[in-house]
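If you read the protein sequences in the order shown, they are chains A and B. So the first sequence is residues 9 to 111, counted in the working numbering. So the second sequence is residues 2 to 429, counted in the working numbering. Glycine included, every Cβ here is placed at the ideal spot set by N, Cα and C. This report refers to the structure that appears directly beneath it.
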Amino acid sequence: MNGPAGPAFVVHPGAAGIAAALRRVVDPEVGLDVVRLGLVYGIEWTGEGVRVVHTFTTPGCPLAAHLERAMRATLEALPQVGRVELCYTAEPAWHPDMIRGWG
Amino acid sequence: MDPIAAPAPEAVAAPAPGVPLRVPAEHLLAALGFYAAGGIGLWVVAPSLARGGYADPRVAAVAHLFTLGWITTSIMGALYQLLPVALGGRFPWPRLAHVTFALHVVGVGLFVFGLAAGRTALVVIGAGTLGTGLLLFAAHLAAALRSTARRDTTWGCLAAADGFLVVAVSLGALLALNLRTGFLGPGRFLLIALHLHVAAAGWVLLVIVGVSRRLLPMFLLSHGVTEGPGRAAAWLLALGAGVLALAHHVLPLAAMPAGGGLLAAGAAAFLWQAALHFRARRRPSLDPGMRLVAVALALLAVALVLGVPAMLVPGTSPRLATAYVAALVVGGLGLFVAGHQYKILPFLVWHHRFGPVASERPVPMVAELFARGPALVAAGLQAAGAAALVGAVLAGSAAVTRAAAASLACGALLQAVQLAGVARRRPA
Chain A
9 MNGPAGPAFV VHPGAAGIAA ALRRVVDPEV GLDVVRLGLV YGIEWTGEGV
59 RVVHTFTTPG CPLAAHLERA MRATLEALPQ VGRVELCYTA EPAWHPDMIR
109 GWG
Chain B
2 MDPIAAPAPE AVAAPAPGVP LRVPAEHLLA ALGFYAAGGI GLWVVAPSLA
52 RGGYADPRVA AVAHLFTLGW ITTSIMGALY QLLPVALGGR FPWPRLAHVT
102 FALHVVGVGL FVFGLAAGRT ALVVIGAGTL GTGLLLFAAH LAAALRSTAR
152 RDTTWGCLAA ADGFLVVAVS LGALLALNLR TGFLGPGRFL LIALHLHVAA
202 AGWVLLVIVG VSRRLLPMFL LSHGVTEGPG RAAAWLLALG AGVLALAHHV
252 LPLAAMPAGG GLLAAGAAAF LWQAALHFRA RRRPSLDPGM RLVAVALALL
302 AVALVLGVPA MLVPGTSPRL ATAYVAALVV GGLGLFVAGH QYKILPFLVW
352 HHRFGPVASE RPVPMVAELF ARGPALVAAG LQAAGAAALV GAVLAGSAAV
402 TRAAAASLAC GALLQAVQLA GVARRRPA
């Protein structure tokens, strides 16, 4: 395990529910959800709703549009979430060490 | 779980719009048809192969089913999808893609049939048709590369490969004309060797090196591996193919071994890079596609070992030269493409048909679009067939060569049927 350690979640009341919902969004190529894959860097509550800071496995990921669409649809379907903001970041770059297990 | 300070978000660079699914799909499916035909063709010409008859026109016909029909058509289809996503470029004339596809497929068919049937007029017409298609494709690719947002090693590999495609087509056109006029005389054997290596290393292998930078980490989950060997491979292959491209008219013939040496060093550097990715992979197990890629890399290493004496030692055995070409074209390059077809075509179908509805209803994973068991059988038949083919040609056994070709053909047919089924899949 030589790669960078993956960022953990922002601890906030309600973040666990958001993370649980995002586990329904699966990368169809790898077969893991975006949380277990380590793509979700942070979950923050704003005054108007929730902001999810995330990355992709590679810049120019061919599934980027699909994953963002699926995350947005999943979160917007939750009650009392309000505005959903998805913020992509390439820093730190995703690394396989950020995967939280295959099981 | 510890809190983090979320990094400052950056704007997502929206990928350039790709071409419709039909464009890459028609290329990839036609390529599979050529692959199955090539496998059957190997079975037909097996006795010639076992005698080392690489100059037999029917062997040349089968070789072109692999190089032009299987490998080049697959690369064309894959680039239509990959380049917009990976480099942010855009193919400006999607309708031209259909025109180049039609010219290429019809031209390859005429050319191969003409070679196999000994009908020189058809060979020349076919070469002209497919050459026109390939030159138009090269112009289209150049325009797409010009429009890219990112210009990295992948971009450099594709740009250089595009140039070498034009050189390879030009050398091939000279060889086709020679069939009618004989103007090359004994020099045709030198030109055949140059044509083969500019096409195989300058065009195909440079594309493979370029796209592998993106695809191997993605398919193996091997991000973070050093990219030095891959960059060295790109430079060495481009330099080597450049020397060979100039060798015929500009450089002294003594430069040819240097060109060949650079190509060998480039191929070795690519194998090193690929081995690093396989060693660092985080996937728990290899899927059928990546297993084929692993076998392809092993056969590329075999080709490297056979190629040095086959090309550089005067008076080498024709069987050694034939085995070298089989290891390079059928094994190293052909199986590499076969492995990636198992990844790319299902992904394309999923991305265009299943992705848009994935938020509304359950959809299968990409790997679930085809049955794993038959895919493993197809991969095993191809791998065993290609490896046995090289050994049987070296040993001069017509019977084993034919059995190996049958194994490869069955595997290719099974893969073609499976992936044609994937291309028809739609969400329930």
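Query	Result
Neighbour list for Glu-37/A in chain B, Cβ cutoff strictly below 7 angstroms	Phe-348 and Val-367
CB contact below 8 angstroms: Thr-54/A versus chain B	no
Chain A contact for Pro-16/B (CB, 8 angstroms cutoff)	Note that Pro-16/B scores 41 on pLDDT, short of 50, meaning its location in the model is unreliable and no value can be drawn from it.
Amino acids of chain A, ordered along the chain, whose beta-carbon sits closer than 7 angstroms to that of Val-86/B	Gly-68 and Pro-70
Residue environment, Arg-373/B, which counts as buried when at least 16 other CB atoms sit within 10 Å	exposed
Bridge partner(s) assigned by DSSP for Trp-53/A	Val-58/A
8 angstroms Cβ cutoff, Ala-78/A in contact with chain B	yes
Assigned secondary structure, Cys-69/A (DSSP; H/G/I helix, E/B strand, else coil)	coil
Limits of the unbroken alpha helix (DSSP H) element including Val-364/B	Note, Val-364/B: premise wrong, no alpha helix (DSSP H); not H, not E.
Any C-beta of chain A under 8 angstroms from that of Pro-218/B	yes
Segments of 4+ residues assigned as alpha helix (DSSP H) that fall wholly inside the segment 178 to 234 of chain B	189 to 198 and 207 to 221
Euclidean distance between Cα positions of Leu-94/A and Pro-67/A	16 angstroms
Identified DSSP bridge partners for Leu-94/A	Val-60/A
Any non-hydrogen atom of the ligand SAM closer than 7 angstroms to Ala-145/B Cβ	Absence of the ligand SAM is noted for the structure shown, with no ligands found whatsoever.
Beta-carbon proximity check, Thr-154/B vs Arg-232/B, cutoff 8 angstroms	yes
Outcome for Pro-363/B when other beta-carbon atoms lying within 10 angstroms are tallied against a minimum of 16	exposed
Exposure of Thr-82/A, with buried meaning 16 or more beta-carbon neighbours within 10 Å	buried
Which listed residue (Val-367/B, Leu-104/B and Arg-214/B) has its alpha carbon closest to that of His-352/B	Val-367/B
With 16 other Cβ atoms within 10 Å as the buried cut-off, status of Gln-88/A	exposed
CB contact check: Ile-107/A to chain B, cutoff 8 angstroms	yes
Contact set for Ala-1/B: own chain, Cβ-Cβ below 6 angstroms, skip 5 residues either direction	Absent from the model: residue 1/B. The displayed extent of chain B is 2 to 429, so no value can be given.
Val-48/A (DSSP reduced to helix, strand or coil)	strand
Within 8 angstroms, strictly: CB atoms of Met-219/B and Gly-261/B	no
Boundaries (first-last residue) of the alpha helix (DSSP H) holding His-341/B	336 to 350
Whole-Å CB distance - Leu-300/B paired with Ala-387/B, under 8 angstroms assumed	6 angstroms
Stretch pair the segment 44 to 53 of chain B + the segment 76 to 94 of chain B: three plus CB contacts closer than 8 angstroms	no
Gly-41/A, DSSP secondary structure in three states	The displayed chain sequence assigns Asp, not Gly, to residue 41/A. Strand.
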